[in-house]
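Number of protein chains: 2
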Amino acid sequence: MIEVRGYAAHDDHSPLVPFTFQRREPGPHDVQIEILYAGICHSDVHQAHNDWSNSLYPMVPGHEIVGRVVKVGAEVKKLKAGDIAGVGCMVDSCRQCSACKEDLEQYCEQGAILTYNDKARSYKERPGSGQLTFGGYSEQIVVEERFVVKVPAGMDLKAVAPLLCAGITTWSPLRHWKVGSGQKVGVIGLGGLGHMGVKFAKALGAHVVMITTSPEKGKDAKRLGADEVLLSRDTDAMAAHALSFDFLLNTIPVGHDVNPYLALLKRDSTMVMVGVLTAIEPPVTGVSLIGGRKNLTGSGIGGMAETQEMIDFCAEHGIVSDIEMIPIQAVNQAYERVLKNDVKYRFVIDIASLRDAA
Amino acid sequence: MIEVRGYAAHDDHSPLVPFTFQRREPGPHDVQIEILYAGICHSDVHQAHNDWSNSLYPMVPGHEIVGRVVKVGAEVKKLKAGDIAGVGCMVDSCRQCSACKEDLEQYCEQGAILTYNDKARSYKERPGSGQLTFGGYSEQIVVEERFVVKVPAGMDLKAVAPLLCAGITTWSPLRHWKVGSGQKVGVIGLGGLGHMGVKFAKALGAHVVMITTSPEKGKDAKRLGADEVLLSRDTDAMAAHALSFDFLLNTIPVGHDVNPYLALLKRDSTMVMVGVLTAIEPPVTGVSLIGGRKNLTGSGIGGMAETQEMIDFCAEHGIVSDIEMIPIQAVNQAYERVLKNDVKYRFVIDIASLRDAA
């Protein structure tokens, strides 16, 4: 076993504290990675705090991981020691269901195994089965090759980390619903997800409209590449944009009234929810869907093949996240700022701070 | 002008009573129809009672109309005196928007003109512009050719009437989402819409599952053509059908919890709402949409071309509605029974009873 230092939450309301645990030695299909950077996702905070009532402790959060490969198993093909690798929200899946066979492991019918706050399940007889998974706020991680992406040379690695969750979560729906040139696309909400949505939709050739409550965020969205800003509280402006959008990417992370946004869509068009897992309320009305045959849908992260595609696209187009780097000792303060949306647009933990403290 | 007798509501809570009004003489594009039968749609009751707070009085309900053509204008091509004709929920639309140009008048961006409880709007300079529209609980109606379908010979006309709303409302989504053989399709709720949904999905070749709270309705659904019955309150049965449906047609006419139904859908599949216009509550959750990229959508009636297609399909496949015929003098009692779901599956008014009473 490999002894690994990290930071963990031990209870619903406790701060994250130093924590030492063990990971398996790499098997023939495994990649052992020395972690360099770990992004802080809003869902890290939700889970550390047990907001979704499904937290398993001790919990080492972190599913936006970039690091250097230190060792690979004998069967590993796509990575070798010294390569830069990324790990996102999943570390395993059943491999047998239709979703896994179509490279959509995130929709695994048995449930993908999450990078943290999860356990290997009974369908899987692999090393570490049944044990808690531990995430990226740690020195090292060992992951099967299928769930590791290769990061092309020359990228700003600390700003690559958030691509593994915020990036793929917005990339996957933009690609699945074939967003591209000639389309008017709205990105609703400007945070970790929204800022990646703007960058990707623009790079894919769409006319991008940032839809936000905040004129200030609107300005920043233009800096990120938005062509237009639509203030959602301006009812006249909203009416002027009615029936005009080809696609809406809704990144708001809490329940809210989606009916005014559905009214923006063209007939037969789609709004995809990527930020909210809980109740979408006030409720959607039947008439919002029936009038113009609008689609309300959702999308979760992305499969491993499309995650690799996204990273390669980012390398080619010079896209990374806008980040603020912190030492791991500042993680609890960062969580407080995440809850206040006081970050542009992602905190990234410099894992060197963990090693240096030892 | 043509003097026409009918039945009208005059206030939110008043019963329908005899009412005489005028219709325009047919213009060059108009068809004048002697009404034979008028179905009673659940929405007639809602609107007569002002449940949607948009009622215009006096109101002559009725948008499931079958009758005999008595006169046509000089420019009318597809119908002649003596033909049997049908009129549904719309009598006009702008003809200029993308929806109208694609034969989807029900999604007219200016708003289609409804057969009753509506007025001609300012974009339209036609005879009768600005006047209230009056529906099918009456002796005669005058409608522009585009909004009239031709009913093939040999059909049971009284049972054809409900096809003009209940029929097309279920036909249009089944066709739009390409329901056919090899698919497992669920019809949720067995009423006026649901019973047509079962007949159409079966005739289109799907494996049809009636999803209902009531074992009795389940039995009746099998008589109508359902292959299987799934009782929505049986949580084990619901779990056994999880992730197995290619398409769900949700005909429940009131707000309800759609999350258990979304769990039945295969990844990337669609549930279409056709019965509820108001709030869909308890609210849908983000995770119900995100887990498997499910689509929640809606569909309203259908365009005139697809209404003709549906009537022709019904003639070819021997499909009509299951109805109970009443004289118009019994309309208020029928409304009470509609509110109790005490009808299998549609009341149809014999308009001869209106003429005989004169």
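Protein chains in written order, with my numbering: chain A, -19 to 338; chain B, -19 to 338.
Note that beta-carbon positions come from the ideal geometry of N, C-alpha and C, so glycine has one too.
- Within 9 Å of the CB of GLU286(B), no CB atom of chain A is found; the nearest one sits about 13 Å away.
- Around the beta carbon of GLU196(B), fewer than 16 other beta carbons sit within 10 angstroms, so the residue counts as exposed.
- In the displayed model, SER268(A) falls within a helix according to three-state DSSP.
- A buried status is given to GLN120(B), since no fewer than 16 other beta-carbon atoms sit within 10 Å of its beta-carbon.
- When secondary structure is reduced to three states using DSSP, LYS99(A) falls in the strand class.
- For GLN90(A), no alpha helix (DSSP H) segment is defined, and its DSSP state is neither H nor E.
- In the three-state scheme derived from DSSP, where H, G and I count as helix and E and B as strand, THR250(A) is classed as strand.
- Judged by DSSP secondary structure, ASP216(A) falls outside any beta strand (DSSP E) and instead within the alpha helix (DSSP H) spanning 215 to 220.
- Counting along the chain, PHE327(B) sits inside no alpha helix (DSSP H); it lies in the beta strand (DSSP E) bounded by residues 326 to 330.
- Taken through DSSP and simplified to helix, strand or coil, GLY278(B) comes out as strand.
- When C-alpha distances from ILE232(B) are compared across GLY266(A), VAL67(A), ARG(-15)(A), the shortest belongs to GLY266(A).
- Inside the segment 99 to 173 of chain A, DSSP marks whole alpha helix (DSSP H) runs of 4 or more residues at positions 137 to 140, 146 to 156, from first to last along the chain.
- ASP136(A) and ALA146(B) have their alpha carbons spaced roughly 59 Å apart.
- Beta bridge pairing from DSSP links HIS187(A) with LYS164(A).
- Along the length of the segment -18 to 48 of chain B, whole alpha helix (DSSP H) runs at least 4 residues long occupy 22 to 28, reported in chain order.
- Taking ALA141(B) as the centre and dropping the five residues before and after it, the same chain places the C-beta of TYR17, ALA18, GLY19, GLU44, ILE45, VAL46, VAL328 closer than 7 Å to its C-beta, in chain order.
- For SER35(A), no CB of chain B lies under 8 Å from its own CB, so it is not counted at the interface with that chain.
- A contact between stretches requires three or more CB pairs, one per stretch, nearer than 8 Å, and the segment 155 to 163 of chain A fails this requirement with the segment 78 to 89 of chain A.
- When only Cα atoms are considered, MET218(B) and ASP63(A) end up about 47 Å apart.
- Taking C-beta separations shorter than 7 Å and ignoring five residues to either side along the sequence, the partners of VAL323(B) in its chain run GLU304, ARG317, following chain order.
- No Cβ-Cβ contact shorter than 8 Å links GLN12(A) with VAL67(A).
- In the displayed model, LYS197(B) falls within a helix according to three-state DSSP.
- In terms of Cα proximity to GLY272(A), the closest of ALA92(B), ASP216(B), GLY172(B) is ALA92(B).
- Looking from the CA of CYS74(B), the closest CA among ALA65(B), LEU59(B), LEU94(B), LYS57(B) belongs to LEU94(B).
- In chain A, no part has a C-beta under 9 Å from the C-beta of ASN97(B); the shortest such distance is about 15 Å.
- In this structure, DSSP gives PRO263(B) a state outside helix and strand, which the three-state scheme calls coil.
- For PRO307(A), the uninterrupted beta strand (DSSP E) run begins and ends at 303 to 307, by DSSP.
- With a contact defined as Cβ atoms closer than 8 Å, VAL254(A) and GLY282(A) miss out at about 10 Å.
- Excluding five sequence positions before and after ASP98(B), the CB atoms of its chain that fall closer than 6 Å to its own CB belong to THR113, given in chain order.
- Looking only at CYS80(B), LEU211(B), VAL56(B), the smallest Cα-Cα distance to GLY198(B) is reached by LEU211(B).
- It is roughly 21 Å from the alpha-carbon of ASP72(A) to the alpha-carbon of ALA61(A).
- Within chain B, no C-beta atom comes nearer than 9 Å to that of TYR241(A); the closest sits roughly 14 Å away.
- Here DSSP, grouped into helix, strand and coil, assigns GLY177(B) to helix.
- Short of 7 Å from the beta carbon of CYS80(A), and not among the five residues preceding or following it, lie these beta carbons of its own chain, in chain order: SER73, CYS74, CYS88.
- Contact of ILE270(A) with chain B is assigned, a C-beta pair being separated by under 8 Å.
- Residue LEU36(A) holds the alpha-carbon nearest to the alpha-carbon of ALA(-11)(A) among LEU36(A), HIS187(A), LEU276(A).
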